[in-house]
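Colleague: Here's a structure for you.
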Amino acid sequence: MLANVLAGAADMPIAKFGDTVLTEDQMRKDLGQQLYQAENNLYMIKKSWIDQKAEGYAFDRAAKEAGLSRQAWEAREIDAMVPQPDTNQIQQMAGRFARPGVASTETLKMAADALTTQNKQVRRAQLFQELSKKYPVEILVVKPEAPRINVTYAPDDPSKGSRQAPVTIVEFTDFQCPFCKRAMETLKQVEKAYPKEVRIIARQYPLPFHDRGKPAAEAALCAKEQGKYWEYREKLFENQTHLDDADFRTYAKDAGLNAKKFDQCLSEHRQAARVEADLADGKRFGVNGTPHFFINGESVVGAQPYESF
């Protein structure tokens, strides 16, 4: 019965002009990914509000059981549990806050405060996840179903796994993106769990605000020319704060590449057009951030946990 209702909704007219009748189904065929993104954004807003309320409920319950005020409980369970950022972390973060006329001591303080805030957010999320097992929340808001997209790729795009694998994961990634680095670990779990069932295809999607994203993507594809894309990308993700041309050449040596061939590819920007083609395709498929995956055409956005895959 529900299937009939949904089928009827898909055929429902949404506009008429002359002899032409436009239906919901026609619109979704043309605008499926755009509509999904809008509907998913609305879902995420609702989910975020629910999570905020659920977190407050769980923290209030835990504080009450501990015989503490909410403020005192958070001070004990969050503030006191967060380590102070070390000097190296502060120095790396300080570059983001450097401004003409701003004293270096002030910049370092801003960096330290930002890192502490980040660490508290991580601890807060971990704590809520732990307490959710004790105080479960039932989410009744329905997550929109992602449309399947015919995601194309070139036969020589970097890939791992059998071409006959029943599941193909096409990944759009950026080597300067911290979430992409996190997602790399999830992909390794997927590979380990499904060694024969999954094929992974990598496409480059350096974001415009990452100044070393494109050069890193070119370097990775230069490594692919020598059959070392996956080994080289590991080096890039492991060293996201060190992505200068000199660093690329060091990683090439570490990965066992022919230095002369790699340097020639990099200097000539031989892979620049390939990176631009990946960017154009990504935009066509609705990619606007990284990491973005398509699992047999179904969109998975962000550094999702293994369970989402």
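The numbering of the sequence shown is numbering that gives the first Met the number 0, which starts it at 0 and goes up by one. Just so you know, even glycine gets a beta-carbon here, dropped at the ideal spot from N, CA and C.
#1: Could you have a look at Lys-119 and say whether DSSP puts it in helix, strand or coil?
#2: How about Gln-90: is its Cβ closer than 7 Å to a heavy atom in the ligand SAH?
#3: Check each candidate in Phe-261, Glu-64, Val-166 and name the one with the smallest Cα separation from Tyr-193.
#4: Terminal residues of the continuous beta strand (DSSP E) containing Arg-232?
#5: Rounded to whole angstroms, what is the Cα-Cα separation between Tyr-309 and Ala-14?
#6: What are the start and end residues of the alpha helix (DSSP H) that includes Thr-86?
#7: Under 8 Å by Cβ, that's how I've got Val-169 and Phe-293 pegged, so tell me the actual separation to the nearest angstrom.
#8: Exposed or buried, what is Asp-244 when buried is set at 16 or more other beta-carbons lying within 10 Å of its beta-carbon?
#9: Rank Asp-112, Arg-248, Ala-124 by C-alpha distance to the C-alpha of Ser-47 and give the top, closest one.
#10: Counting C-beta neighbours from all protein chains within 10 Å, is the total for Leu-139 16 or more, i.e. buried, or is it exposed?
#11: Roughly how many angstroms lie between the CA atoms of Arg-181 and Ala-302, to the nearest whole one?
#12: Run through the region 7–45 for me and flag every whole beta strand (DSSP E) of 3 or more residues, listed as ranges in chain order.
#13: Assign Asn-3 to one of two classes, buried (16 or more other C-beta atoms within 10 Å of its C-beta) or exposed (fewer than that).
#14: Anyone know if the C-beta pair for Ala-222 and Phe-174 falls short of 8 Å?
#15: From which residue to which residue does the alpha helix (DSSP H) around Glu-76 run?
#16: Provide the residue span of the alpha helix (DSSP H) that contains Val-274, from first to last.
#17: Quick one, are the C-beta atoms of Leu-220 and Ile-199 less than 8 Å apart?
#18: CB-CB under 7 Å to Val-81, same chain, minus the five flanking residues each way: which ones, in chain order?
#19: Does Ile-138 come out as helix, strand or coil in the three-state DSSP assignment?
#20: Counting only C-beta atoms, is Glu-54 closer than 8 Å to chain B at any point?
#21: Taking all protein chains shown into account, decide if Met-92 is buried (16 or more other Cβ within 10 angstroms of its Cβ) or exposed.
#22: So the beta strand (DSSP E) Phe-292 belongs to, where does it begin and stop?
#23: Compute the Euclidean distance between the alpha carbons of Asp-112 and Val-300, then round it to the nearest angstrom.
#24: Quick one: Cα of Glu-342 to Cα of Leu-278, how far?
Modeller: Checking against the coordinates, here is how it stands:
#1: helix
#2: The model on display carries no ligand, and the ligand SAH is accordingly not part of it.
#3: Val-166
#4: Taken as a continuous stretch (DSSP letters only), Arg-232 belongs to no beta strand (DSSP E), being part of the alpha helix (DSSP H) at 228–237.
#5: This structure does not reach residue 309, given that the chain is present from 0 up to 308, and the question cannot be answered.
#6: 86–96
#7: 4 Å
#8: exposed
#9: Ala-124
#10: exposed
#11: 6 Å
#12: 12–16, 19–22
#13: In this predicted model, Asn-3 has a pLDDT of only 46, less than 50, meaning its place in the structure is not dependable enough to derive any value.
#14: no
#15: 69–76
#16: 271–283
#17: no
#18: Thr-115, Asn-118, Lys-119, Arg-122
#19: coil
#20: Protein chain content of the structure displayed is limited to a single chain, and chain B is not contained in it.
#21: buried
#22: 291–294
#23: 29 Å
#24: Lying before the first or after the last residue shown, residue 342 is absent from the chain, which here runs from 0 to 308.
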